[in-house]
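Enquirer: Handing you a structure now.
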Amino acid sequence: MWKVLLVEDEVFVRESVREIIAWEELGFTVAGEAGNGSEALEMIRRDPPDLVLADIVMPEMDGVELLRRTREEGYRSRFIMLTCIGEFEYVRQAMEYGASNYILKLSMSVNSLRDTLRKMSAELAKDDAAATRVAGGAGGAAQETGAAGRQADDHGPQTAASPQAGRLLPEEERLQPPFPPVQTDAGASASSHGGHNGPPASPSAVPAQAEPAVSHPEVRKILQYIAENYPQDITVKSMAQYVMMGENYVSALFKKKTGQTLIHYLHRVRVEKAMDYLLHTDLPVHEIGHRVGFINDNYFIKIFKRLTHQTPSKYRQWNKPAK
């Protein structure tokens with residue numbers, strides 16, 4: 001069996017890749033997992049794998065730096081890089097350091113990953129056979145655990161991605177993270193912000209006023225977009241298209257990085273803006289709802305009450321400064 005090391009900071013992506021592939025049928029076994037390049041490098045030093053499946057952008061040490069360091073230290077494990085659209089400068093660098101292939105996360109499917117692994121298995125077997133011939137076939141010179149370390153330098157990187165990597169696949173073909181469907185507004189209770197019979201907390205205490213501090217570039221883009229365009233028609237689908245990633249992937253990624261669903265966060269931003277209008281203008285409630293992005297008046301009141309435990313009118317009545 002060829003040993004594989006999975007390196008991915010997004011746990012649900014790592015779990016998806018591990019669970020949906022019948023590794024042993026393809027001649028592989030998952031020998032280890034790491035959440036960043038630093039962890040992976042230590043694991044490679046302890047027990048070099050034959051293949052490393054690594055995300056390109058990760059905290060602490062990214063996939064390109066991991067590949068560079070392994071090459072500098074003399075490890076010849078083959079690398080397949082996982083990447084998002086817009087990271088092709090990283091891909092170029094990875095290819096220069098000897099990555100064997102790359103796969104776009106957006107179009108990654110069971111079939112495309114399986115095809116890539118089949119090709120990699122064939123290439124590893126070819127390397128192993130070549131090393132055995134060079135060694136004269138003595139004493140089992142080509143052990144499975146060292147096959148990647150013996151690959152010849154004349155096997156250059158493949159500059160083309162897997163056949164499916166450049167096109168969008170139907171949703172049912174894509175890797176689906178092993179998570180339940182996103183429940184928008186689930187648990188959006190505001191019980192800590194006052195009861196039904198008393199005035200609500202101050203505007204700064206109820207919704208999230210500031211963008212959550214996250215390092216993931218796509219999530220940061222979504223947060224910034226919401227901050228600047230919250231009155232617009234924003235959905236998970238539109239945000240997935242905006243960052244050019246899969247819809248299910250964006251849902252799970254946003255929840256993981258911020259602790260709340262994308263729609264719940266959007267509602268909190270809109271309600272915060274509505275609270276400001278209620279306190280500092282005389283605009284009617286329905287007009288305020290429209291201004292912050294709620295087209296349906298009843299839905300605006302429902303979401304506002306869910307997050308503050310007060311209707312917009314009651315909130316204004318109890319909190320608006322006297323003139």
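Under the UniProt record's numbering, think of the first position of the sequence shown as 1, with each following residue one higher.
Backbone N, C-alpha and C fix where the C-beta goes; we use that ideal spot for every residue, glycine too.
Return the first residue and the last residue of the beta strand (DSSP E) that alanine 34 is part of.
Expert: Looking at the DSSP string, the run of the beta strand (DSSP E) that includes alanine 34 is 28-34.
Enquirer: Beta-carbon separation of glycine 27 and serine 121 under 7 Å?
Expert: Contact: yes.
Enquirer: Under the three-state reduction of DSSP, which class applies to leucine 117: helix, strand or coil?
Expert: Of the three classes helix, strand and coil, the one that applies to leucine 117 here is helix, per DSSP.
Enquirer: Could you round the C-beta distance between histidine 286 and aspartate 297 to whole angstroms and report it? I think they count as a contact, below 8 Å.
Expert: Histidine 286 to aspartate 297, Cβ: 5 Å. Contact.
Enquirer: Can the beta-carbon of leucine 66 be found less than 7 Å from the beta-carbon of glycine 37?
Expert: In this structure, glycine 37 lies closer than 7 Å to leucine 66 by Cβ.
Enquirer: How is leucine 223 classed by DSSP in three states: helix, strand or coil?
Expert: Helix at leucine 223.
Enquirer: Would you list, in sequence order, the uninterrupted beta strand (DSSP E) runs of no fewer than 3 residues that lie entirely inside the stretch 243-270?
Expert: Counting whole runs of 3 or more residues, the stretch 243-270 contains no beta strand (DSSP E) stretch at all.
Enquirer: Say whether the stretch 265-277 touches the stretch 301-317, bearing in mind that this needs 3 or more beta-carbon pairs closer than 8 Å, one atom from each stretch.
Expert: The answer is yes - the stretch 301-317 touches the stretch 265-277, with three or more Cβ pairs under 8 Å.
Enquirer: Do you know how far the Cα of isoleucine 21 is from the Cα of arginine 114?
Expert: Computed Cα separation, rounded: 7 Å.
Enquirer: Are the beta-carbon atoms belonging to arginine 69 and tyrosine 97 less than 7 Å from one another?
Expert: For arginine 69 and tyrosine 97, no; Cβs fall outside 7 Å.
Enquirer: For valine 76, does the three-state DSSP call read helix, strand or coil?
Expert: A small correction: the amino acid at residue 76 is arginine; valine does not occupy that position in the sequence shown. Reduced to three states, the DSSP call for arginine 76 is coil.
Enquirer: Isoleucine 295 by DSSP, collapsed to three states: which one?
Expert: It is coil, neither helix nor strand.
Enquirer: I need the boundaries of the alpha helix (DSSP H) containing leucine 41, first residue and last residue.
Expert: Run containing leucine 41: 37-46, per the alpha helix (DSSP H) assignment.
Enquirer: Can you give me the Cβ contacts of phenylalanine 300 inside the same chain, cut-off strictly under 7 Å, excluding the 5 residues immediately before and after it?
Expert: So the list reads Gly289, Phe294, once near-sequence residues are dropped.
Enquirer: Take the Cβ of serine 215 as the centre, count every other Cβ of all protein chains shown within 10 Å, and call the residue buried at 16 or more, exposed below.
Expert: Burial call: exposed.
Enquirer: What residue range does the beta strand (DSSP E) around valine 7 cover?
Expert: Here the beta strand (DSSP E) through valine 7 covers 2-7.
Enquirer: For serine 112, does the three-state DSSP call read helix, strand or coil?
Expert: In this structure, serine 112 counts as helix in the three-state DSSP scheme.
Enquirer: What are the boundary residues of the beta strand (DSSP E) that includes isoleucine 20?
Expert: First-last for isoleucine 20: 11-20, but that is the alpha helix (DSSP H), not the beta strand (DSSP E).
Enquirer: Which class does leucine 66 belong to by DSSP, given the choice of helix, strand or coil?
Expert: Leucine 66: helix per DSSP, three-state reduction.
Enquirer: If you measure between the beta carbons of arginine 78 and serine 112, is that distance less than 7 Å?
Expert: Not in contact: arginine 78 and serine 112 (Cβ atoms no closer than 7 Å).
Enquirer: State the start and end residues of the unbroken beta strand (DSSP E) segment that holds tyrosine 102.
Expert: Note, tyrosine 102: beta strand (DSSP E), 101-104.
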